Structure formats: C-alpha cells, structure tokens
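Next comes the structure, spelled out in structure tokens:
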C-alpha cells in the first residue's frame, strides 16, 4: 500500500534533522549514511509492490503473492531495520550520534518496519527468514566481541535481537511482537542508564561504581537481562522462541540460536 | 514479462546498481536515487492508466512530491558534508570506522 511507503519516508526525513543537531562532523556523516540506506530500502519496498502489481494485480501489501516480490520486500525491510547481511550501516551510524538520538533510532524507528513485517508475515519464504535470522544472531554476537565503544556494542546487540525476532516470524508472529516490545524496553533502559552516567566507553563504566552504586547495579541487571539469563525478563522470549522452534521440528536451528546467545552474553558481561 | 515491465524493471535495477557501487562522488548516489524514483513514477503512472480507477490516479503525483522532498533532504545533507569535510569524495567519510 502506498501510505506505508509515505510513512516510512516521513519517519526517515524527520529523524535526519535530529541527527544533525550536533554540528559535529561525525554526526553529519552518520546522518548521510543513514539517509542513503533508508531511502534505498524505501524505494526497494515500493518497487517490490509495483512488481507485484504488474505481475499479479494486487496492490495491497498484505496480499503479496509473487515470491520474487515477497523476497524483495523482506530484503528491503531487513535493510531498514539493520538485519544481516545488510547491517553494515548500523554500528557506524549509532556511533556517530549522541545517546538520545541513538535511542530514538534503535527503538522508535524499528516500529514502523515491524508493522509492515507483521503484515506480510503469512506469505514469507521460510528459508530466507531463517537464514537472515541465524546470520544476524551470529554477526551480532561475533561483531560485538571486540568493541569498546558502548554504542557499537548496543548496535551489535540490536542486530542479534532482531535476528531472534525474525526467526520466529513465519511460525508465530505474536512472539515476534512480544520480543520486540521487550527489546524496546530493555534497550531504552540501557540507553537511558548510559546517558545518566554519561559513559561512552566500557572503561568509563567502571567509574560509575563510585559515583552512584544503584545506577551501576541497575546497568548490570539490565545487561544480564539483555543477555537472556533466567530468571530475568529477557529470558522469556528466548525460551518461548526456542520452544516454538522445536515444536516445528527444527532442532538444529534452535541449537545454533542458543549458542549465539552465549556469544552476545560474553561481551555483555565485560 | 511485458516489454514495459521489463524496461522499468531494468531502469530501477540499473539505478540500484549505481547507488550501491558509487565510487568517488556522493552526488552520483543522489542522482541514482532520483533515477530510481523516476522509474517508479513511470511504472506507477502506467499501471494506474491500466487500472482505469479514478481515485488511484493521484498516487504518481504524490510519489513525485515525496521524491522531491527526498532529493532536497539528500542535497541538504550533501551541503552539510561539504561544509564540514571539505569535499564530497567518499574517502573522506571514514571518521566512524572502529
């Protein structure tokens, strides 16, 4: 549908001035990269809808039936939210922004594409989704291992979380929404606690213990929750997703997802 | 696939390749984005002509308005980049590497 494309474009254009408010060269470079990727993805979504319209006569975005169009739409939406293999813009863009703008970027901007993803969920190609999800979880875990900048760590963690969300989309879209909600809550907690302690590197996090011990404890707890340890809340979506995957006879997939969760947990605990 | 479909599909794919593989100037990326929007505009107009549905015929104009907004945003970002980095060569966009 056409309104979806317009909504995506408007959200992109609205974020750009927020990003360039700082007048720092890094901020403008981040804004340029972000704008280019988002505009490309939006044009690709429109192109996929148009191709589908020419080939099958359906303009409604929830009834895309041609497999090429569905694949193209999913790829374009993955580019928009930062799934692998189209994730290369996310760490750099998040690095160049200040924490509040990065918060808006990671949480609010994911809502609109996810609305579209949820709508096209029944028609999707299962193999493609599983491939994207596993790749995102792997790259999110591996890429975050060598990072000292906090914003890049959060970028890689969001890539991994999005991988989890995409895997379950074909079977049970409501789990995707649940995971999205919890991810938004946890990521906002992380960003806001980093903003309060004004930390942008892992080394400066170590000094918060002397300033405000409650804040340091809260940061640690929410980090562990992001990693998905029981009995914290972050464990719940992972457990439900794994359960659903094993119900659908995909044990290998479930094992791979669990191991990549271990990877991201490692760099959280530093 | 009809010739019309093929022509605007190939136009879009050419613009996409130009966008993905730009080499020296940032301006060529914006040009390719505009080319993609133009091919989408042509496709949308032809399709609404085929449909003969009256309320749908305004969508090409709306698309044109939005792509103009998009292009102006891109140009504003280009001006900002030129102001801080000094040029729009792609090699200077490497401040954010880890």
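Chains as they are written, first to last, in this note's numbering: chain L, 759 to 1028; chain B, 12 to 109. Built from N, CA and C at the ideal position, the CB exists for glycine as well. Given the structure is predicted, the values throughout are model-derived calculations rather than measurements.
Using the beta-carbon count (16 or more within 10 Å), is residue i buried or exposed?
| i | result |
| --- | --- |
| residue 827 of chain L | buried |
| residue 890 of chain L | buried |
| residue 768 of chain L | exposed |
| residue 832 of chain L | buried |
| residue 69 of chain B | exposed |
| residue 937 of chain L | buried |
| residue 78 of chain B | buried |
| residue 83 of chain B | exposed |
So the alpha helix (DSSP H) residue i belongs to, where does it begin and stop?
| i | result |
| --- | --- |
| residue 61 of chain B | 37-62 |
| residue 24 of chain B | 14-31 |
| residue 829 of chain L | 825-839 |
Quick one: is residue i near chain L, going by C-beta distance under 8 angstroms?
| i | result |
| --- | --- |
| residue 22 of chain B | no |
| residue 88 of chain B | yes |
| residue 25 of chain B | no |
| residue 91 of chain B | yes |
| residue 49 of chain B | no |
| residue 44 of chain B | yes |
| residue 85 of chain B | yes |
Pick out whichever of the options has its Cα sitting closest to the Cα of residue i.
| i | options | result |
| --- | --- | --- |
| residue 878 of chain L | L/812, L/941, L/829 | L/829 |
| residue 772 of chain L | B/80, B/44, B/93 | B/80 |
| residue 763 of chain L | L/808, L/947, L/825 | L/808 |
| residue 839 of chain L | L/874, L/774, L/940 | L/874 |
| residue 90 of chain B | L/812, L/946, L/932, L/778 | L/778 |
| residue 26 of chain B | L/805, L/876, L/775 | L/805 |
| residue 912 of chain L | L/792, L/853, L/937 | L/853 |
| residue 54 of chain B | L/812, L/797, L/793 | L/812 |
| residue 914 of chain L | L/940, L/798, L/846 | L/846 |
| residue 42 of chain B | B/29, B/20, B/73 | B/29 |
Verify the CB distance criterion: does residue i have a CB-CB separation below 8 angstroms to chain B?
| i | result |
| --- | --- |
| residue 866 of chain L | no |
| residue 805 of chain L | yes |
| residue 809 of chain L | yes |
| residue 1032 of chain L | Only positions 759 to 1028 of chain L appear in this structure, which leaves residue 1032 of chain L out of reach. |
| residue 774 of chain L | yes |
| residue 794 of chain L | yes |
| residue 831 of chain L | no |
| residue 870 of chain L | no |
| residue 762 of chain L | no |
| residue 923 of chain L | no |
| residue 798 of chain L | yes |
| residue 913 of chain L | no |
| residue 836 of chain L | no |
| residue 801 of chain L | yes |
| residue 897 of chain L | no |
Report yes or no: is there a C-beta of chain C within less than 8 angstroms of the C-beta of residue i?
| i | result |
| --- | --- |
| residue 778 of chain L | In the displayed structure, chain C is absent; the protein chains listed are L and B. |
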